[in-house]
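Numbering (UniProt numbering), first residue to last: 1 to 321.
We treat Cβ as the ideally placed atom computed from N, Cα and C, and that holds for glycine.
Small disclaimer: the values here were computed from a predicted structure and weren't measured.
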Amino acid sequence: MRILLSTTSFQDTPGKHHDVLNGSGFEIVRERGPLSEARMLELVTTNGGFDGLLNGDDIISAKVIDAALPRLRVIAKYGIGLDSIDVGHATSRKIPVLFTPGVNHTTVAEHTFGLMISVAKNFYFHMTAVKAGKWSRKTGCELAGKTLGVIGVGRIGKEVIKRGNAFGMSCVGCDVYWDEEFAKANNVKRAATPQDVLKQCDVISLHMNLTPETRGFINKDTLATMKDGAIIVNTARGGLVVDEDIAAACRSGKLRGYAADVVEPEPMKTPHVFQEVENIIITPHIGSRTNESVERQGLRAANNLVNYLKGDPDFIQANKF
Numbered sequence: 001m002r003i004l005l006s007t008t009s010f011q012d013t014p015g016k017h018h019d020v021l022n023g024s025g026f027e028i029v030r031e032r033g034p035l036s037e038a039r040m041l042e043l044v045t046t047n048g049g050f051d052g053l054l055n056g057d058d059i060i061s062a063k064v065i066d067a068a069l070p071r072l073r074v075i076a077k078y079g080i081g082l083d084s085i086d087v088g089h090a091t092s093r094k095i096p097v098l099f100t101p102g103v104n105h106t107t108v109a110e111h112t113f114g115l116m117i118s119v120a121k122n123f124y125f126h127m128t129a130v131k132a133g134k135w136s137r138k139t140g141c142e143l144a145g146k147t148l149g150v151i152g153v154g155r156i157g158k159e160v161i162k163r164g165n166a167f168g169m170s171c172v173g174c175d176v177y178w179d180e181e182f183a184k185a186n187n188v189k190r191a192a193t194p195q196d197v198l199k200q201c202d203v204i205s206l207h208m209n210l211t212p213e214t215r216g217f218i219n220k221d222t223l224a225t226m227k228d229g230a231i232i233v234n235t236a237r238g239g240l241v242v243d244e245d246i247a248a249a250c251r252s253g254k255l256r257g258y259a260a261d262v263v264e265p266e267p268m269k270t271p272h273v274f275q276e277v278e279n280i281i282i283t284p285h286i287g288s289r290t291n292e293s294v295e296r297q298g299l300r301a302a303n304n305l306v307n308y309l310k311g312d313p314d315f316i317q318a319n320k321f
């Protein structure tokens, strides 16, 4: 068996997940992702291709899948977001797409709150000023007493809500699949639509899937409906926002600030409209990159891949056929 391993946090973080792959007896080819469609096509058509892919946010399009056949047997995503994979095409070709739900919600929720606090207390302004030898200060705002809107109340969204309650925030949520038991236990008010969340909340935390319907959800029109001085935090997908509209809202003061762990494409191409805007904070998609989370996620991804290829039923599959 020959495997392409392209996720960098898996490779860069020591842990038991390495033992699973090293003990599999498979040949492991290592690359540094996220990889473009062109690079993926080059790799899967060289030296006989691969039986399995253990990938992060590499572009696995219909072209890549077809080029990898007939040898390709499985795609194992290190993570839960599948928008970089053409899952529908994989399904049509009877290629299972495996993923790792339930392993990174704690660390992403912590990162979300770190970003939220960074905007509320103007961390970027203060850190850059002090390091430049200045003692400049700008007044921030408290999170306590504010209304937190969580769009996408899955595992991560729920953990964000728990932390919002701990900070003394009122929580509003929106999700197609509503967990009424959780909502009652955590005092979450249900909004009818994502747009309703935007209108009534001081802080918005995005945890939506990126789909054709949600792409560009935050744009000049939806921003206009929000409270003046609101904060948006995005630890979901960069494509949920229109970058130019976010930058304009931050410059004008419509938004107190925007903080994100994601952009589109990744890595962020420069020059970028976000670079010169003081109240925009971007981290390089490291929300789930802690020693604890990487090992949990890496173990699940590696076991998914190895178990599937060895005929062990202990794997988690995202697509059905």
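Fill in: Residue closest to Phe182, alpha-carbon to alpha-carbon, out of Gly25, Pro313, Val153
By one-based count along the sequence shown, residue 182 stands at place 182. That would be Val153, whose Cα lies nearest to the Cα of Phe182.
Worksheet entry | Through-space distance from Gly81 to Gln11, alpha-carbon basis | In the sequence shown, residue 11 corresponds to position 11, counting from 1. In the sequence shown, residue 81 corresponds to position 81, counting from 1. Between Gln11 and Gly81, the C-alpha separation is close to 19 angstroms.
Fill in: Inter-residue Cα distance where the pair is Ser6 and Gly238
Counting from one through the sequence shown, the residue named residue 6 turns up at place 6. Counting from one through the sequence shown, the residue named residue 238 turns up at place 238. Using only the alpha carbons, I get a separation of about 21 angstroms.
Worksheet item: Which first and last residues belong to the beta strand (DSSP E) in which Lys269 is found?
Response: Position 269 of the sequence shown, counting from 1, holds the residue named residue 269. It is not in any beta strand (DSSP E) - Lys269 carries neither H nor E in the DSSP assignment.
Discussion item. So Val87 and Ala318 are supposed to be a Cβ contact under 8 angstroms. How far apart are they, rounded?
Written reply: On the sequence shown, residue 87 is found 87 positions in, with the first residue counted as 1. On the sequence shown, residue 318 is found 318 positions in, with the first residue counted as 1. Yes, Val87 and Ala318 are in contact; Cβ-Cβ is about 7 angstroms, under 8 angstroms.
Discussion item. Count Cβ pairs between the region 218 to 236 and the region 251 to 260 that sit closer than 8 angstroms; are there 3 or more?
Written reply: yes
Item to complete: Answer yes if the region 98 to 112 comes into contact with the region 296 to 305, meaning at least three C-beta pairs across the two stretches below 8 angstroms, and no otherwise.
Response: yes
Worksheet item: When we look at the beta-carbon of Asp314 and count the other beta-carbons within 10 Å, is it buried (16 or more) or exposed?
Response: Taking the sequence shown and counting its residues from 1, one reaches residue 314 at position 314. That one is exposed.
Practice prompt. Reducing DSSP to helix, strand and coil, say where Thr147 ends up.
Written response: Here the question's residue 147 lines up with position 147 in the sequence shown. Thr147: strand per DSSP, three-state reduction.
Fill in: residue 322 versus Val241 - alpha carbon distance
The requested residue 322 is not part of the displayed model; the chain covers only 1 to 321.
Fill in: 4-residue-minimum alpha helix (DSSP H) runs that sit fully inside the region 10 to 82, ordered along the chain
16 to 22, 37 to 44, 62 to 68
Worksheet item: Unbroken beta strand (DSSP E) runs of length 3 or more, entirely within the region 155 to 214: which are they?
Response: 170 to 174, 188 to 190, 203 to 206
Worksheet entry | Thr147 and Asp202 closer than 7 angstroms at C-beta | Mapped onto the sequence shown, residue 147 falls at position 147. Mapped onto the sequence shown, residue 202 falls at position 202. Yes; because the gap between Cβ atoms is below 7 angstroms, this pair is in contact.
Worksheet entry | Ile218 - DSSP class collapsed to helix/strand/coil | Sequence index remark: in the sequence shown, residue 218 carries index 218 (1-based). Ile218 falls in the strand class under three-state DSSP.
Discussion item. Let me check one thing: in DSSP terms, what residues is residue 327 bridge-paired to?
Written reply: The displayed coordinates of the chain run from 1 to 321. Any statement about residue 327 would go beyond what the structure contains.
Practice prompt. Go to Ile246, then tell me how far its alpha helix (DSSP H) extends in each direction, as first and last residue.
Written response: Taking the sequence shown and counting its residues from 1, the one referred to as residue 246 is at position 246. Segment 243 to 252, the alpha helix (DSSP H) holding Ile246.
Fill in: Glu244 versus Thr214, Val277, Tyr78, Asp51, residue with shortest Cα-Cα distance
Locating residue 244 in the sequence shown gives position 244, where the first residue counts as 1. When each option's Cα is compared against that of Glu244, the closest is Val277.
Practice prompt. State the start and end residues of the unbroken alpha helix (DSSP H) segment that holds Val294.
Written response: Here the question's residue 294 lines up with position 294 in the sequence shown. 291 to 310 is the span of the alpha helix (DSSP H), which, as asked, contains Val294.
Practice prompt. Would you identify the three-state DSSP class for Val233, choosing helix, strand or coil?
Written response: Mapped onto the sequence shown, residue 233 falls at position 233. Val233 falls in the strand class under three-state DSSP.
Fill in: Residue burial classification, Lys158 (beta-carbon count within 10 angstroms, cutoff 16)
Within the sequence shown, residue 158 is the residue found at index 158, counting from 1. So Lys158 ends up on the buried side.
Worksheet item: So, helix, strand or coil for Gly88, using DSSP?
Response: Position 88 of the sequence shown, counted from the start, is the residue given in the question as residue 88. Residue state, collapsed to three classes: helix.
Fill in: Local conformation of Ala132 per DSSP, three classes
Taking the first residue of the sequence shown as position 1, residue 132 is located at position 132. Coil at Ala132, not helix or strand.
Discussion item. Quick test of the definition: if touching needs 3 or more C-beta pairs under 8 angstroms, does the region 280 to 296 touch the region 256 to 271?
Written reply: yes
Item to complete: Give me the Cα-Cα distance between Gly33 and Ile3, rounded to the nearest whole angstrom.
Response: One-based indexing of the sequence shown puts residue 33 at position 33. One-based indexing of the sequence shown puts residue 3 at position 3. Answer to the nearest angstrom: the Cα atoms are 14 angstroms apart.
Practice prompt. Return the CA-CA distance between Val306 and Arg93, expressed in angstroms with no decimal places.
Written response: Counting from one through the sequence shown, the residue named residue 306 turns up at place 306. Counting from one through the sequence shown, the residue named residue 93 turns up at place 93. Spanning the two alpha carbons is a distance of roughly 20 angstroms.
Worksheet item: CB Ser205 to CB Val233, shorter than 7 angstroms?
Response: Taking the first residue of the sequence shown as 1, we reach residue 205 at position 205. Taking the first residue of the sequence shown as 1, we reach residue 233 at position 233. Yes, these two residues count as a Cβ contact at 7 angstroms.
Item to complete: Report all residues from its chain with a CB closer than 7 angstroms to the CB of Ser9; omit the five preceding and five following residues, and keep chain order.
Response: For the purposes of this step, residue 9 is identified with residue 9 of the sequence shown, where counting begins at 1. Only Arg289, Val294 meet the Cβ criterion.
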